Amino acid sequence: MKYGVIGTGWIAKSFIDGARMLTQADFTAVYSRTEESGGRFAAENEIPKVYTSLEEFAKGDFDAVYIASPNRLHYEQSKLMLQSGKHVICEKPITVEPEELEELQTLAKKNGLIYIEAIMYMFNPARELLKDAISKIGKITSVHFDFSQLSSKYPAYVRGELPNIFNPALATGCLMDLGIYCVYPALDLFGIPQKTTACAHFMESGADGSGNAALLYSDKLVNFTYSKLGQDRLGSQIFGDEGTITIESISKLTNMKLIAKNGDTQEIIGDVAKEKLMGYEAVGFEKFIANPDDPYYTVTSERALQASRLMKEIRALSGIKFS
Ligand SMILES: NC(=O)c1ccc[n+]([C@@H]2O[C@H](COP(=O)([O-])OP(=O)(O)OC[C@H]3O[C@@H](n4cnc5c(N)ncnc54)[C@H](OP(=O)(O)O)[C@@H]3O)[C@@H](O)[C@H]2O)c1
């Protein structure tokens with residue numbers, strides 16, 4: 065598969081490395097706002113062509129685009145690529161608003177193209193291991209998902225700079241960046257909640273630096289906590305009356321354990337390199353392109369829409385606004 069890439073950050077490099085590890089991906093072009101940044105990224109990643117015009121890039125020699133730009137740009141860039149006949153895999157969150165996602169899903173279908181969210185959870189083989197482990201811990205009434213990771217951009221923010229991740233104008237902040245990793249497994253494992261409550265702590269920039277949400281189901285309560293201002297050391301847990309599942313990384317589903325109620329502990333999975341997890345996204349994407357009728361494409365598309373709707377609800381409940 066020939067790919068073009070939008071975005072020149074570290075995550076784009078991870079996707080390229082992962083796709084090259086697990087597929088025959090051929091990265092032919094990169095779009096950047098500047099020759100300097102694009103040229104550096106192209107040299108580092110052995111990509112032959114750099115574009116600084118998105119319109120010219122859209123006519124480039126590739127079938128699919130991986131988009132890793134700031135969140136606010138995902139909708140417009142994905143739309144242009146889908147209008148230009150390119151399949152799209154776009155970083156999370158795939159769009160800011162669920163209405164935008166629905167519009168682009170319709171456009172992709174009309175143009176016979178695949179359009180998916182680059183979310184590790186949905187393409188991670190450990191998702192099935194987790195589901196299997198859940199079937200072994202009895203009745204589940206309580207769940208706590210946490211994704212709290214001290215941002216590498218926080219020192220710059222403290223110095224008075226405004227990194228993209230803390231700039232509401234780019235539709236970033238903690239929920240959009242990390243909270244989504246709690247939203248996906250909750251929807252995938254337990255379905256759509258009956259009721260949701262949520263709060264956020266705001267930084268002076270107006271971005272949500274941390275937050276929580278509580279999802280009420282008829283038989284369980286699922287709590288989320290997420291922060292970009294402090295580092296979690298305990299991870300996530302799913303509590304059953306026969307045992308507990310502990311998950312060190314809810315985004316990667318790594319270092320998961322099943323602890324029976326008598327304390328016996330069994331490893332579900334250990335560590336997995338992030339590049340490999342992103343490579344699984346490329347594998348899934350290319351499978352859908354080869355077979356658009358793959359029923360799992362419908363599952364991932366529906367899950368993306370459910371996630372976008374729940375994120376919108378959590379934003380409204382928490383008072384998160386993008387300027
Ligand atoms: N899957 C994951 O684990 C993971 C991890 C991190 C991020 N992400 C997602 O990946 C996306 C990119 O995140 P990131 O942290 O790499 O973002 P970023 O560094 O803020 O921006 C990514 C690229 O977009 C361009 N850019 C930066 N600011 C821009 C602006 N104001 N207007 C237009 N273009 C701009 C830059 O490329 P040029 O200067 O070359 O144009 C930059 O390299 C986000 O959607 C994020 O949620 C996913």
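Each residue of the sequence shown is one higher than the one before, counting from 65 in the numbering used here. Heads up, the beta-carbon is just placed ideally off N, CA and C, and yes, glycines get one too. The structure presented is a predicted model; accordingly, all values stated were derived computationally and were not measured.
What ranges does the beta strand (DSSP E) occupy inside the region 71 to 139, keeping only unbroken runs of at least 3 residues that lie completely in it?
90 to 95, 113 to 115 and 128 to 131
When burial is assigned at 16 or more other CB atoms within 10 Å of the CB, is Lys-150 buried or exposed?
As a working note, residue 150 is residue 86 in the sequence shown. Under this definition Lys-150 is a buried residue.
State yes or no: is the C-beta of Asn-175 nearer than 8 Å to some heavy atom of ligand 1?
If you number the sequence shown from 1, residue 175 lands on position 111. It does not: the Cβ of Asn-175 is nowhere closer than 8 Å to a heavy atom of ligand 1.
How is the alpha helix (DSSP H) around Asp-196 delimited, first residue to last?
The residue labelled residue 196 in the question sits at position 132 within the sequence shown. Asp-196 -> alpha helix (DSSP H) spans 190 to 198.
If you check the beta carbons only, do Met-186 and Val-363 fall under 9 Å apart?
Start at 1 with the first residue of the sequence shown, and residue 186 comes out as number 122. Start at 1 with the first residue of the sequence shown, and residue 363 comes out as number 299. Closer than 9 Å, so yes.
What residue range is occupied by the uninterrupted beta strand (DSSP E) comprising Thr-308?
The sequence position of residue 308 within the sequence shown is 244, counting from 1. Counting along the chain, the beta strand (DSSP E) containing Thr-308 begins and ends at 307 to 313.
Enumerate, from N- to C-terminal direction, the unbroken alpha helix (DSSP H) stretches of 4 or more residues contained entirely within the region 230 to 281.
244 to 254
How would you label Ile-332, buried or exposed, when you count the other beta carbons within 10 angstroms and need 16 or more for buried?
The residue labelled residue 332 in the question sits at position 268 within the sequence shown. Flag for Ile-332 reads buried.
Please check the pair Ile-314 and Phe-209, which I expect to be a contact at CB under 8 Å, by giving their CB distance rounded to whole angstroms.
Numbered from its first residue, the sequence shown carries residue 314 at position 250. Numbered from its first residue, the sequence shown carries residue 209 at position 145. Sure, about 5 Å apart at Cβ, within 8 Å.
Taking 9 Å as the cut-off, decide whether the C-beta atoms of Phe-386 and Ala-235 are in contact.
Here the question's residue 386 lines up with position 322 in the sequence shown. Here the question's residue 235 lines up with position 171 in the sequence shown. Their beta carbons are under 9 Å apart, which means Phe-386 touches Ala-235 by this criterion.
With Ile-353 and Met-65 assumed to form a contact (beta carbons below 8 Å), what rounded beta-carbon distance in angstroms separates them?
Walking along the sequence shown from the start, residue 353 turns up at place 289. Walking along the sequence shown from the start, residue 65 turns up at place 1. Yes, they are in contact, since the Cβ atoms of Ile-353 and Met-65 sit about 7 Å apart, within 8 Å.
Which residues, in chain order, sit with a beta-carbon under 5 Å away from any heavy atom of ligand 1?
Gly-71, Thr-72, Gly-73, Ile-75, Ser-96, Arg-97, Ser-101, Ala-132, Ser-133, Pro-134, Asn-135, Glu-155 and Asn-228
Just grab the DSSP bridge partners of Gln-370 for me.
Stepping through the sequence shown from its first residue, residue 370 is reached at position 306. Bridge partners of Gln-370: none, in fact.
Can you tell me whether Gln-295 is buried or exposed? The criterion is at least 16 other CB atoms within 10 Å of its CB, across all chains shown.
Walking along the sequence shown from the start, residue 295 turns up at place 231. When all chains shown are included, Gln-295 counts as exposed.
Should Gly-307 be labelled buried (16 or more other beta-carbon atoms within 10 Å of its own) or exposed?
To locate residue 307, count along the sequence shown from 1; it is residue 243. It is buried - the Cβ of Gly-307 has at least 16 other Cβ atoms within 10 Å.
Pair within 9 Å by beta-carbon distance, Met-184 and Glu-345:
Along the sequence shown, one-based indexing puts residue 184 at 120. Along the sequence shown, one-based indexing puts residue 345 at 281. In this structure, Glu-345 lies closer than 9 Å to Met-184 by Cβ.
For Arg-84 and Arg-191, the rounded distance between their alpha carbons:
As a working note, residue 191 is residue 127 in the sequence shown. As a working note, residue 84 is residue 20 in the sequence shown. For Arg-191 and Arg-84, the distance between alpha carbons rounds to 22 Å.
At which residues does the beta strand (DSSP E) containing Met-186 begin and terminate?
Counting from one through the sequence shown, the residue named residue 186 turns up at place 122. Looking at the DSSP string, Met-186 is not in any beta strand (DSSP E); the run it does join, the alpha helix (DSSP H), is 184 to 187.
Take Pro-312 as the anchor and find which of Gly-304, Leu-194 and Lys-156 has the nearest alpha-carbon.
Taking the sequence shown and counting its residues from 1, one reaches residue 312 at position 248. Looking at the sequence shown, residue 312 is not Pro but Glu. Glu-312 has its Cα closest to that of Leu-194, out of Gly-304, Leu-194 and Lys-156.
What's the gap between the Cα of Leu-118 and the Cα of Leu-298?
Residue 118 sits at position 54 when you count from the first residue of the sequence shown. Residue 298 sits at position 234 when you count from the first residue of the sequence shown. Rounded to whole angstroms, the gap between the alpha carbons of Leu-118 and Leu-298 is 43 Å.
Starting from the C-beta of Thr-289, find all residues in its chain whose C-beta is less than 7 Å away, skip the five residues before and the five after it, and write them out in chain order.
On the sequence shown, position 225 is the one that residue 289 refers to. Result list for Thr-289: Asp-210, Ser-212 and Asn-276, in chain order.
Through-space distance from Ile-111 to Phe-91, alpha-carbon basis
For the purposes of this step, residue 91 is taken as residue 27 along the sequence shown, with counting starting at 1. For the purposes of this step, residue 111 is taken as residue 47 along the sequence shown, with counting starting at 1. For Phe-91 and Ile-111, the distance between alpha carbons rounds to 6 Å.
Nearest-angstrom Cα distance between Gly-68 and Leu-168?
On the sequence shown, residue 68 is found 4 positions in, with the first residue counted as 1. On the sequence shown, residue 168 is found 104 positions in, with the first residue counted as 1. Taken atom to atom, the span from the alpha-carbon of Gly-68 to that of Leu-168 is near 19 Å.
Out of Phe-303, Leu-293 and Tyr-361, state which residue places its alpha-carbon closest to the alpha-carbon of Gly-237.
Indexing the sequence shown from 1 puts residue 237 at position 173. The shortest C-alpha separation from Gly-237 is found at Leu-293.
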